[in-house]
Structures are given as C-alpha cells and as structure tokens.
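>
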Amino acid sequence: MSYSDENTKISQRDGVPEGGFATILVDPPWPGQGGEAHYRTMSLDAIKALPVGQLAAKDAHLWLWTTNGLLPQAYEVAQAWGFTVRSPLTWVKFRLGLSGRYQLRNATEQLLFCTRGTAPLGSRSQPTWFNAPVTEHSRKPAEQFAIIERVSPGPYLELFARRRPESRADWAVWGDQIDSDIRIPGFPVPRYSQRAGGCVKEVR
Numbered sequence: 748m749s750y751s752d753e754n755t756k757i758s759q760r761d762g763v764p765e766g767g768f769a770t771i772l773v774d775p776p777w778p779g780q781g782g783e784a785h786y787r788t789m790s791l792d793a794i795k796a797l798p799v800g801q802l803a804a805k806d807a808h809l810w811l812w813t814t815n816g817l818l819p820q821a822y823e824v825a826q827a828w829g830f831t832v833r834s835p836l837t838w839v840k841f842r843l844g845l846s847g848r849y850q851l852r853n854a855t856e857q858l859l860f861c862t863r864g865t866a867p868l869g870s871r872s873q874p875t876w877f878n879a880p881v882t883e884h885s886r887k888p889a890e891q892f893a894i895i896e897r898v899s900p901g902p903y904l905e906l907f908a909r910r911r912p913e914s915r916a917d918w919a920v921w922g923d924q925i926d927s928d929i930r931i932p933g934f935p936v937p938r939y940s941q942r943a944g945g946c947v948k949e950v951r
C-alpha cells in the first residue's frame with residue numbers, strides 16, 4: 748500500500764479538512780533506533796505505506812524527523828509519500844548522545860523540510876539549525892512548532908503525536924498515546940477525540 752492506494756480513501760468524515768492539511772509534521776517510530784523499549788515501532792515498509800499523500804493538500808509542506816543514521820531511509824519515505832526533501836533542519840542538542848562502532852557521538856537530530864506542489868514559504872529567514880535542550884526519550888523540542896508555523900501554512904497535522912502541540916495554532920493530532928483527531932483506514936489507534944468525524948472513543 749502506498750499514499751495513492753485506491754483501497755485507502757480518506758475524507759472529511761475521518762476528521763480531515765476539505766482539501767487536506769497544508770502542513771504535516773511526522774516523527775515516525777523508526778525501527779532499530781532504541782525506541783522499542785518505549786513505544787511500538789514500525790517497519791520501514793509500514794511507514795512508507797502510511798497514506799500521508801492523501802492527508803496532505805495538493806500544495807503542502809512536510810516536516811519529517813529522522814536520526815542521522817536513518818537519513819537515506821527518511822529521503823525514501825518522503826519520496827514514497829509524494830514529497831521532495833528541500834532542506835534539513837538540524838536540532839543541535841545541549842548534550843552528547845551515544846556513538847556506534849562506526850559513528851561519531853550524536854549531538855544532533857534532523858527535521859527534514861519537504862514540499863510538494865507550490866506551497867509558499869511564510870518566512871525565508873529560518874536557518875538550517877536551531878538549539879534546544881533534550882528532555883525525555885524521543886520527545887522533540889517545543890521550539891519546532893514556532894519554526895514550522897513561521898515557515899508553513901495551516902491547517903496543521905502532527906502524526907505520531909504523544910501530547911497536544913505546545914502551540915496556540917489549531918493542530919490536529921494522531922497517534923497511539925493521545926486522543927487522535929483523525930482516522931486513517933488500516934492504521935487504527937487506541938482512542939479518538941470527538942473531532943475525528945464524530946467517532947466514539949475506542950477502549951484500549
């Protein structure tokens with residue numbers, strides 16, 4: 748299944764706005780990155796199969812988190828969803844991470860800015876890096892929302908969200924650890940909010 752799979756139809760009944768989301772933020776549960784102890788991970792093929800292209804507007808921005816070790820795979824995922832990577836936004840952390848047998852010690856993580864169609868940039872002044880402290884495992888900095896909202900238009904969607912965005916903008920969310928605002932056929936989550944097309948909350 749790919750983003751254009753005819754068997755996966757997503758509509759306003761699933762909580763998606765007419766025309767789709769103009770900006771989508773995704774932090775996939777990448778396999779083999781140590782996340783298995785904290786949440787359910789997905790295979791690369793399953794991540795590629797997410798119908799992100801159907802959730803997105805014709806002219807849209809995608810912000811895709813990836814570790815340094817999975818940069819090639821992240822480019823493949825963006826392409827599978829119908830997007831082109833334009834710039835990496837590097838999160839420079841305030842502490843050193845672990846290294847591998849053939850790796851330097853990680854002190855950065857990458858948020859790939861991607862586009863499809865002709866969605867304009869709200870700001871062209873954003874550099875390709877930002878500083879922010881590290882908190883608990885895999886939690887991304889709140890600064891990401893201010894950056895995304897300066898550059899990219901709404902409506903906004905965060906996939907694999909773990910909490911409501913730290914923002915005053917109107918974000919829809921989807922993920923296993925939060926009351927999700929949209930439904931994705933074939934990719935159920937434990938529970939939904941009333942925003943998800945009037946769907947009743949599911950029980951774990």
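So the mapping is simple: this note's numbering equals the position in the sequence shown, first residue as 1, plus 747.
Using N, Cα and C, we set each Cβ at its ideal position, and we do this for glycine too.
Let me make sure I understand the geometry here. Which of Pro819, Gln820 and Lys887 has the alpha-carbon closest to that of lysine 840?
Considering only alpha carbons, the answer is Lys887.
> Taking all protein chains shown into account, decide if glycine 933 is buried (16 or more other Cβ within 10 angstroms of its Cβ) or exposed.
That one is exposed.
> Using C-beta distances below 6 Å, list every residue in its chain close to proline 880, excluding the 5 sequence neighbours before and after it, in chain order.
These residues qualify, in order along the chain: Phe841.
> Apart from the five residues just before and just after arginine 930, which ones in its own chain have a Cβ nearer than 7 Å to its Cβ?
Cβ within range, chain order: Asp761, Gly762, Tyr939, Ala943, Gly944 and Cys946.
> Three Cβ pairs or more, each shorter than 8 Å: is that satisfied between the segment 863-870 and the segment 794-812?
Touching, yes, given that three or more Cβ pairs across the two stretches are closer than 8 Å.
> Going by beta-carbon coordinates alone, are tryptophan 812 and threonine 837 separated by less than 8 Å?
Not a contact, by the Cβ cut-off of 8 Å.
> Beta-carbon separation of serine 914 and phenylalanine 892 under 8 Å?
Yes, Cβ-Cβ distance for serine 914 and phenylalanine 892 is below 8 Å.
> Measure the C-alpha to C-alpha separation of valine 898 and phenylalanine 830 and round it to an integer number of angstroms.
For valine 898 and phenylalanine 830, the distance between alpha carbons rounds to 17 Å.
> Closer than 8 Å by C-beta to glycine 767: which residues in its own chain qualify, once you throw out the five before and the five after it? Chain order, please.
So the list reads Gln801, Leu802, Ala803, Ala804, Lys805 and Ala807, once near-sequence residues are dropped.
> Could you tell me which residues DSSP puts in a beta bridge with phenylalanine 860?
Phenylalanine 860 pairs with Trp810 and Ser834.
> Measure the alpha-carbon distance for proline 937 versus glutamine 924 and round it to whole angstroms.
Each residue's alpha carbon lies about 8 Å from the other.
> So phenylalanine 860 and tryptophan 918 are supposed to be a Cβ contact under 8 Å. How far apart are they, rounded?
At roughly 17 Å, the Cβ-Cβ gap does not stay under 8 Å, so phenylalanine 860 and tryptophan 918 are not in contact.
> If contacts are defined as beta-carbon pairs under 8 Å, then proline 798 and isoleucine 771 qualify, I think. What distance do you get, rounded to the angstrom?
With a Cβ gap of about 11 Å, proline 798 and isoleucine 771 do not count as contacting.
> Rounded to whole angstroms, how far is the Cβ of proline 778 from the Cβ of leucine 791, which I believe are closer than 8 Å?
Right, their Cβ atoms sit about 7 Å apart.
> In three-state terms, what does DSSP make of alanine 827?
Helix, per DSSP.
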